[in-house]
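Have a look at the structure below before the remarks.
There are 4 protein chains.
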Amino acid sequence: MESALSAGIELVAGLPTIRVDFRVRYAECDAFGYLHHAKYWEYFEQTRTELLRACGIRYRELEAQGVYFVVYKCACRYRRPVVYDDLVTVTARVLRTTHTRVDHAYEVHRADELTCQASTTLACVDRNGHPQAMPAALWTHDR
Amino acid sequence: MESALSAGIELVAGLPTIRVDFRVRYAECDAFGYLHHAKYWEYFEQTRTELLRACGIRYRELEAQGVYFVVYKCACRYRRPVVYDDLVTVTARVLRTTHTRVDHAYEVHRADELTCQASTTLACVDRNGHPQAMPAALWTHDR
Amino acid sequence: MESALSAGIELVAGLPTIRVDFRVRYAECDAFGYLHHAKYWEYFEQTRTELLRACGIRYRELEAQGVYFVVYKCACRYRRPVVYDDLVTVTARVLRTTHTRVDHAYEVHRADELTCQASTTLACVDRNGHPQAMPAALWTHDR
Amino acid sequence: MESALSAGIELVAGLPTIRVDFRVRYAECDAFGYLHHAKYWEYFEQTRTELLRACGIRYRELEAQGVYFVVYKCACRYRRPVVYDDLVTVTARVLRTTHTRVDHAYEVHRADELTCQASTTLACVDRNGHPQAMPAALWTHDR
Chain A
1 MESALSAGIE LVAGLPTIRV DFRVRYAECD AFGYLHHAKY WEYFEQTRTE LLRACGIRYR
61 ELEAQGVYFV VYKCACRYRR PVVYDDLVTV TARVLRTTHT RVDHAYEVHR ADELTCQAST
121 TLACVDRNGH PQAMPAALWT HDR
Chain B
144 MESALSAGIE LVAGLPTIRV DFRVRYAECD AFGYLHHAKY WEYFEQTRTE LLRACGIRYR
204 ELEAQGVYFV VYKCACRYRR PVVYDDLVTV TARVLRTTHT RVDHAYEVHR ADELTCQAST
264 TLACVDRNGH PQAMPAALWT HDR
Chain C
287 MESALSAGIE LVAGLPTIRV DFRVRYAECD AFGYLHHAKY WEYFEQTRTE LLRACGIRYR
347 ELEAQGVYFV VYKCACRYRR PVVYDDLVTV TARVLRTTHT RVDHAYEVHR ADELTCQAST
407 TLACVDRNGH PQAMPAALWT HDR
Chain D
430 MESALSAGIE LVAGLPTIRV DFRVRYAECD AFGYLHHAKY WEYFEQTRTE LLRACGIRYR
490 ELEAQGVYFV VYKCACRYRR PVVYDDLVTV TARVLRTTHT RVDHAYEVHR ADELTCQAST
550 TLACVDRNGH PQAMPAALWT HDR
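Residue numbers (the numbering used here), protein chains in the order written: chain A, 1 to 143; chain B, 144 to 286; chain C, 287 to 429; chain D, 430 to 572.
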């Protein structure tokens with residue numbers, strides 16, 4: 001952590017970074033007792049919502065203005081299982097921003113243990129799903 | 144079963160009735176190994192989609208025309224657990240239709256065993272969530 | 287609120303009561319934009335986990351001791367829609383406890399607005415799903 | 430398609446391949462109306478269940494014998510959106526099998542349109558999550 005921008009956001013190596021805690025819910029675990037691998041994406045998505053909020057931007061209002069982000073690609077490596085009632089911390093960083101795309105990297109920790117690493121590329125689209133340039137306030141927020 | 148209206152729909156005691164099979168998915172089961180109680184509502188919802196389809200109505204097209212249904216109330220009794228990879232049959236019947244509401248009753252069977260009974264009341268609303276009368280074709284289809 | 291038992295729990299009319307906040311996630315909303323009606327049960331379940339925790343009991347440890355709770359029946363009335371990024375408060379109260387069952391009542395508020403009311407009956411079962419008496423510490427905690 | 434092994438399975442370039450249809454459920458779509466990106470993993474998982482079934486293996490019985498598979502890594506590229514009530518076909522192929530891991534590749538088509546491509550690596554573990562060699566019947570089934 002180099003400096004705090006606001007209550008929730010920091011710059012790590014110059015990039016906006018946030019940490020959000022999640023308590024693993026019973027319904028999120030599968031029959032093996034593990035947090036189901038699909039559910040991580042919901043944690044990452046919610047963490048992006050909080051990252052934007054910490055930057056002063058409410059994603060809901062972006063949508064109301066016709067600015068949408070959809071996941072274009074993603075990848076994940078699950079290193080250690082996480083189970084019901086574990087408290088995990090998701091760290092999300094903006095890796096790269098272009099006029100139409102944003103790359104994020106994620107880490108999940110349970111206390112000091114790294115349990116998962118992931119990445120996504122989001123595309124900015126309009127209400128019809130067509131690519132559009134994102135508002136300047138977004139793609140320059142990590143300068 | 145008194146008579147078959149189409150491939151999928153029957154009249155049971157004069158009411159449109161449909162049966163839809165579901166294979167219980169791994170991700171739908173919770174850490175105890177049971178189909179999670181919340182997931183049944185997704186099965187019931189999907190069964191309503193198929194009930195409408197069997198009546199010649201595609202719910203997606205209703206929405207495109209500004210006709211939406213939202214669940215107003217629901218109740219469920221879980222009699223026997225259902226687990227991963229079980230094949231269950233959901234039976235849905237229209238119990239009652241008014242100009243603005245539809246009541247459905249549901250049963251879940253695994254082979255001959257009744258595992259669950261439920262009911263819902265749906266309200267017809269517009270795009271803003273305000274109540275509206277449903278198209279006549281819907282509230283009279285069980286005459 | 288009559289008295290506080292601990293940081294999170296209160297007695298309302300002599301009954302243990304808890305309030306838990308949930309930020310509605312994007313993935314929890316359906317194509318109409320509403321928090322999907324099935325997802326409320328996950329909020330209620332998580333709230334029960336927190337109610338137990340506030341009583342000094344970790345449900346995960348109960349399970350490790352062979353004490354499980356399954357939802358036997360439930361009912362819900364959805365009064366007002368809730369949408370993505372709304373902050374809602376779920377209030378859960380223990381209504382009644384017998385040696386084998388627990389009844390809870392739930393309310394969902396968005397600020398001062400009551401949006402949903404629900405109830406569940408849980409049954410205490412063993413690892414094989416057979417009914418069993420719950421530990422005395424549980425069924426007497428509301429005396 | 431080179432040859433059919435059974436009702437559901439084929440060999441494509443010498444690799445066991447299966448196609449499974451999914452009707453996109455309302456609850457699986459997010460507030461933007463798209464099949465939520467996290468839900469694809471549930472489709473892929475269910476398709477693996479069917480791939481095993483077509484090979485004469487029921488994953489539920491593998492688990493009963495102490496053989497579990499967990500997702501170790503995954504990647505996905507979402508090419509075109511899929512919406513409520515679309516009928517999509519998931520094609521899953523076994524790409525590679527070692528004594529402890531299986532790689533699958535997936536494609537999602539809506540009619541002739543390729544909408545999504547993905548891959549996973551599963552690790553074979555025991556009940557405690559420790560790596561174990563999978564039964565010979567599994568890692569040799571694609572010879």
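For every residue, glycine included, the Cβ atom is placed at its ideal position computed from N, Cα and C. Quick caveat, the model's predicted, so the values are computed rather than measured.
In the DSSP annotation of this structure, residue 87(A) is not part of any alpha helix (DSSP H); the continuous beta strand (DSSP E) holding it starts and ends at 87–97. From the listed residues 395(C), 376(C), 349(C), 374(C), the smallest Cα separation to residue 411(C) is found for 349(C). Cβ atoms of residue 379(C) and residue 390(C) come within 8 Å of each other, at about 7 Å.
Put simply, the CB of residue 531(D) is far from chain A, with every gap to its CB atoms at 8 Å or more.
For residue 334(C), no beta strand (DSSP E) run applies; the uninterrupted alpha helix (DSSP H) run containing it begins and ends at 326–340, by DSSP. According to the DSSP assignment, residue 404(C) belongs to the beta strand (DSSP E) that extends over 399–411.
Between residue 386(C) and residue 417(C) a beta carbon distance of about 5 Å is seen, short of the 8 Å cut, so the two are scored as contacting. Look at the stretch 439–472 of chain D: the residues with a C-beta under 9 Å from a C-beta of chain C are 455, 456, 457, 458, 459, 460, 461, 462, 463, 465, 466, 467, 468. Taking a Cβ-Cβ threshold of 8 Å, none of the residues of chain C is close to residue 488(D); the smallest such distance is about 21 Å.
Contact of residue 513(D) with chain C by beta-carbon distance below 9 Å involves 316, 317.
When secondary structure is reduced to three states using DSSP, residue 312(C) falls in the helix class. Of the candidates 337(C), 355(C), 404(C), the residue whose Cα lies closest to the Cα of residue 420(C) is 355(C).
The C-alpha of residue 310(C) is placed about 19 Å away from the C-alpha of residue 184(B). In the DSSP assignment, no residue is bridged to residue 496(D). Residue range 244–253 is occupied by the beta strand (DSSP E) that includes residue 248(B).
Chain order gives the chain A residues near residue 558(D) as 81, where near means a beta carbon separation below 7 Å. Apart from the 5 residues on each side of it in sequence, residue 188(B) has no Cβ closer than 6 Å to any other Cβ in its chain. Rounded to the nearest whole angstrom, the C-alpha separation of residue 37(A) and residue 445(D) is 24 Å.
If you draw a straight line from the Cα of residue 225(B) to the Cα of residue 409(C), it comes to about 16 Å. Each residue's CA atom was taken as its position, placing residue 230(B) and residue 77(A) some 32 Å apart.
Taking every protein chain shown into account, the CB of residue 400(C) has fewer than 16 other CB atoms within 10 angstroms, so this residue is exposed. Residue 508(D) is not bridged by DSSP to any residue. Here residue 79(A) is exposed, its C-beta having fewer than 16 other C-beta atoms within 10 Å. Interface flag for residue 377(C) against chain A is unset, since no Cβ pair is found closer than 8 Å. By the rule that beta-carbons nearer than 8 Å mark a contact, residue 218(B) touches chain C.
Your pair residue 262(B) and residue 217(B) checks out as a contact, with CB atoms roughly 7 Å apart and the cut at 8 Å. Comparing C-alpha distances from residue 325(C) to each of 456(D), 519(D), 477(D) shows the shortest one belongs to 456(D). Residue contact check for residue 335(C) against chain A: a CB pair falls below 8 Å. The beta-carbon of residue 70(A) is placed less than 8 Å from the nearest beta-carbon of chain D. Neighbourhood of residue 189(B) in chain D, by CB distance below 7 Å: 454, in chain order. Pairing residue 476(D) with residue 449(D) gives a Cβ-Cβ distance under 8 Å. Listed along the chain, the chain A residues whose CB falls inside 8 Å of the CB of residue 535(D) amount to none; the nearest CB is some 13 Å away. The Cβ atoms of residue 31(A) and residue 186(B) do not sit closer than 8 Å to each other.
Within the same chain, and ignoring the five residues on either side of residue 95(A) in sequence, the residues whose Cβ sits closer than 6 Å to its Cβ are 103, 105.
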